[in-house]
Amino acid sequence: MHSPNSSDEGSDQLDSYGDYDLYYNQPDYPDDLLDSSPSASPSTRSYSDDPEYFEFYCMTAEEAKNMLNACIGTVCQKTSLSTAATKAVLRKRKWNVEDVVRCYHQDSRRLLIESDVEPHRVCSAASTSADVCPVCVCKAAPEEMASLACLHRFCASCWRMYLTVQLNQGCSTSIECMETNCHLLVLEDFALTFLAAASVELVEKYERFAFHDQIKTHPLLRFCPGTNCNTVFRVAVAEPKKVTCNNCGRSLCFTCGREYHAPTNCCTIQRWLTKCADDSETANYITANTKDCPNCHICIEKNGGCNHM
Numbered sequence: 001m002h003s004p005n006s007s008d009e010g011s012d013q014l015d016s017y018g019d020y021d022l023y024y025n026q027p028d029y030p031d032d033l034l035d036s037s038p039s040a041s042p043s044t045r046s047y048s049d050d051p052e053y054f055e056f057y058c059m060t061a062e063e064a065k066n067m068l069n070a071c072i073g074t075v076c077q078k079t080s081l082s083t084a085a086t087k088a089v090l091r092k093r094k095w096n097v098e099d100v101v102r103c104y105h106q107d108s109r110r111l112l113i114e115s116d117v118e119p120h121r122v123c124s125a126a127s128t129s130a131d132v133c134p135v136c137v138c139k140a141a142p143e144e145m146a147s148l149a150c151l152h153r154f155c156a157s158c159w160r161m162y163l164t165v166q167l168n169q170g171c172s173t174s175i176e177c178m179e180t181n182c183h184l185l186v187l188e189d190f191a192l193t194f195l196a197a198a199s200v201e202l203v204e205k206y207e208r209f210a211f212h213d214q215i216k217t218h219p220l221l222r223f224c225p226g227t228n229c230n231t232v233f234r235v236a237v238a239e240p241k242k243v244t245c246n247n248c249g250r251s252l253c254f255t256c257g258r259e260y261h262a263p264t265n266c267c268t269i270q271r272w273l274t275k276c277a278d279d280s281e282t283a284n285y286i287t288a289n290t291k292d293c294p295n296c297h298i299c300i301e302k303n304g305g306c307n308h309m
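By the UniProt record's numbering, the letter at position 145 of the sequence shown is numbered 145, and the numbering carries on one by one without gaps.
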């Protein structure tokens, strides 16, 4: 004789076996439908779902140089600017080729003035006989004097010395005219003319610094800060996202170039680093100039004699 609950127990046991069969006897689905790896097709996996995903490319220095030269060549073809002037204008305009070409055809003189390639007004022409260099106060023949578009004339020796000093201080494309309050830029071809007469090393140094300036002024390019690493990051849109060098493995924030600091923005991390630096200087001053009172242990400083604290 069966108990009243025997049928219920049997049905529960059958249900458990049914669950077992459903779990272990599933039909075989194609592997591509179950694949969630990064190599899956775009229809099954979207990188846009990842808030940390950021598309960037690691370029060699030569590839970056070729890209910049292509921009320079395009502007030169569509305008009558020299290569040196084109480089200066592109740096000023953040390498926006379309903007440079448009502004050039609208008002070329205004574009060159805003880029510090041409002066607002030209000084009076110097005499055609022997001139006196305003720097060394020495007479020189007219062919030994040189000037930018502003016509502020200086002797070749002073130009060469001035450019060498500026270059050794880390300047290249930002070097200005020697005349006081004249902010006209010394263009690349002008600078290389005098540096070549000094040494080949100075020419190579100038070209290296100039290339770094070009990368710094391009909003979509950034050098990898890794030691002895020449990788250049290239992005489609500049954002404070993480980029990682495929050469040295260094990771950083593309916008500010510091160590990646998400979720803090670049301005906040800059203020924090500044505060930490200020606190460190304060701590150094306290250590060097104060001592604790032996009785109350308050930090004291002697600043007016033995009895002044």
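In this text, a Cβ means the ideal position worked out from N, Cα and C, and glycines have one as well. This one's a predicted model, so the numbers in the text were calculated from it and none came from an experiment.
Alpha carbon of residue i to alpha carbon of residue j, nearest angstrom
i           : j           : result
residue 235 : residue 57  : 6 Å
residue 132 : residue 141 : 9 Å
residue 191 : residue 64  : 23 Å
residue 232 : residue 67  : 11 Å
residue 195 : residue 121 : 28 Å
residue 301 : residue 272 : 28 Å
residue 248 : residue 135 : 47 Å
residue 156 : residue 193 : 10 Å
residue 108 : residue 54  : 38 Å
residue 288 : residue 278 : 15 Å
residue 106 : residue 215 : 27 Å
residue 228 : residue 244 : 16 Å
residue 237 : residue 104 : 26 Å
residue 139 : residue 197 : 21 Å
residue 47  : residue 101 : In this predicted model, residue 47 has a pLDDT of only 49, less than 50, meaning its place in the structure is not dependable; the value taken from the coordinates is given anyway. In a straight line, the C-alpha of residue 47 is about 36 Å away from that of residue 101.
residue 230 : residue 163 : 26 Å
residue 270 : residue 220 : 21 Å
Contacts around residue i, its chain only, beta-carbon distance under 7 Å, and the 5 residues preceding and following it disregarded
i           : result
residue 99  : 93
residue 205 : 167
residue 42  : Confidence at residue 42 is low in this model, with a pLDDT of 34, below 50, so its placement is unreliable and the value that follows should be read with caution. Nothing meets the Cβ criterion.
Residue environment, residue i, which counts as buried when at least 16 other CB atoms sit within 10 Å
i           : result
residue 80  : exposed
residue 70  : exposed
residue 160 : buried
residue 52  : exposed
residue 129 : Legend: pLDDT at residue 129 = 45, less than 50; position of this residue unreliable, value from coordinates given subsequently. Classification for residue 129: exposed.
residue 188 : buried
residue 186 : buried
residue 253 : buried
residue 292 : exposed
Check whether residue i and residue j have beta carbons under 7 Å apart
i           : j           : result
residue 115 : residue 137 : no
residue 218 : residue 182 : no
residue 275 : residue 260 : no
residue 240 : residue 266 : yes
residue 97  : residue 74  : yes
residue 60  : residue 72  : no
residue 213 : residue 255 : no
Beta-carbon proximity list for residue i, same chain, < 8 Å, skipping 5 on both sides
i           : result
residue 113 : 119 and 120
residue 158 : 133, 135, 136 and 178
residue 257 : 222 and 225
residue 251 : 242, 243, 244, 245, 259 and 260
residue 294 : none
**contact_flag[the region 139-155, the region 168-178] where n(CB pairs < 8 Å) is 3 or more** = Yes, the region 139-155 touches the region 168-178.
**Prompt:** Is it true that the region 163-175 meets the region 209-223, where meeting means three or more beta-carbon pairs spaced less than 8 Å apart?
**Reply:** yes
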